[in-house]
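Chemist:
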Amino acid sequence: MVKVFGLMKTQFITLTTMMFFIIVLPAANSLYGRGVSLTATVIVLVLVSRICAGCCFTGQFIMIGNCVPSHLRATVHGLSMSASCAARLVWLQVSAFIG
């Protein structure tokens with residue numbers, strides 16, 4: 651996908667797709683009581699959103715690597731991973747507080 655669209659467009663497409671599927675995921679609640687349909691729908695929605703999240707994370711890693719000199723690359727990647735882990739931790743706490 652990166653070879654066809656380029657890194658920035660691929661990043662934008664996967665971010666948009668991931669946001670769409672995360673927003674659509676609660677709509678699977680309307681299938682409550684239809685065991686197999688609900689399970690299949692949730693599996694597909696979560697699978698697509700996780701694939702898009704992996705693509706976004708990888709694209710972000712590549713873009714950060716291309717923006718810094720080679721002698722600072724390890725430091726910047728470590729900093730970005732720390733920031734990403736902190737954001738994931740805060741996101742879980744905020745969603746637990748809201749929910």
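Taking the working numbering, the leading residue of the sequence shown gets 651, the next gets one more, and so forth. Backbone N, C-alpha and C fix where the C-beta goes; we use that ideal spot for every residue, glycine too.
I need the boundaries of the alpha helix (DSSP H) containing V718, first residue and last residue.
Modeler: V718 -> no alpha helix (DSSP H), and no H or E assigned at all.
Chemist: Looking at the secondary structure, which residues open and close the alpha helix (DSSP H) in which M651 lies?
Modeler: Taken as a continuous stretch (DSSP letters only), M651 belongs to no alpha helix (DSSP H), as it is neither H nor E.
Chemist: Could you tell me the distance, in whole angstroms, from the CA atom of A678 to the CA atom of S699?
Modeler: Each residue's Cα considered, the two are about 14 Å apart.
Chemist: When the Cα atoms are used, what is the spatial distance from F707 to I748?
Modeler: 25 Å
Chemist: Can you look up R738 in the DSSP assignment and give me helix, strand or coil?
Modeler: helix
Chemist: Could you give the DSSP three-state label for G656: helix, strand or coil?
Modeler: In the structure shown, the three-state DSSP call for G656 is coil.
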